[in-house]
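In the working numbering, the protein residues as written are 353 to 534. From the three backbone atoms N, C-alpha and C, an ideal C-beta is built for every residue, glycine too. Just so we're clear, the structure is a prediction, and the values are computed from it rather than from any experiment. A short worksheet on the structure shown next.
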Amino acid sequence: MAQAFDPAGREAVARKWVWFVALGVLLIMCGGIAFGNLLMATVASVYYVGLIMLIGGLLNLAHAFQVKNWGSVLYWIMSGAFYAGAGLFAFINPVLASSILTFLLAVALIAAGCFRMWVGFRLRPLGGWGWMVIGGLVTLLAGLIIAAGWPVDSLWILGLFLAVDLVMQGLASIAFGVLARG
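Listed below in structure tokens is the structure:
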């Protein structure tokens, strides 16, 4: 069971409602900018993923020298080198990296959709099983649509996801701020 938010914390959040609304407005503006140039938003997304992979790879390489067993050292060095290399690749060729990421996204959505539909059918005797199947079908269709437009759509799909996410986060922040005020 989730713990209730303490009254003092609730009041502190309620007093700062305007900050949530302001953040929401800024996020929606950023989402609008991303919608205005989906290619640049895609490149920004690829750079973000590349930076995270590069940092993760460098941390794995640093960790390799803390490991005493040679077999483990070799594993960590190779793991870190491949991860850092993939991160650098994202910076060197963000368009090709976006194509690879978009393909992986399509495969992941197709697999997740099939799995959700399978789970839904397995729940068939229970009420609401059809919603699980419908949710899986929507996910499957999204993956198939992305796969059908690949690789050309790779130039804008990731940017579209970023733009939609920014707008949704902004709307959620505004709604939270307004409702927290009362």
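Asked: Integer-rounded CB distance, given that LEU413 should sit under 8 Å from GLY439; Found: GLY439 to LEU413, Cβ: 12 Å. No contact.
Asked: Cβ shell of TRP502 (< 8 Å), same chain only, five flanking positions each side left out; Found: SER451, THR454, PHE455, ALA458
Asked: C-alpha distance - GLY472 paired with ALA460, whole-angstrom precision; Found: 18 Å
Asked: Straight-line Cα distance separating VAL419 from GLY319; Found: Given a span of 353 to 534 for the chain in the structure shown, any question on residue 319 remains unanswerable.
Asked: Host alpha helix (DSSP H) of ASP358 (start-end); Found: ASP358 -> no alpha helix (DSSP H), and no H or E assigned at all.
Asked: Rounded C-alpha distance that separates VAL377 from TYR400; Found: 22 Å
Asked: Short Cβ contact (9 Å threshold) for ARG468 with THR491; Found: yes
Asked: Identity of the residue in GLY388, LEU448, PHE434 nearest GLY409 by Cα; Found: PHE434
Asked: Closest residue to ILE429 among ILE486, ARG476, LEU411 (Cα-Cα distance); Found: LEU411
Asked: Under 9 Å between C-beta atoms of GLY511 and ASN421; Found: no
Asked: Distance CB(ALA527)-CB(VAL365) smaller than 9 Å; Found: no
Asked: PRO446: first and last residue of the uninterrupted alpha helix (DSSP H) it sits in; Found: 446-474
Asked: Proximity of ASP517 and GLY383 at Cβ, strictly below 9 Å; Found: yes
Asked: ILE509, buried or exposed, once every other Cβ within 10 Å from all chains shown has been counted against 16; Found: buried
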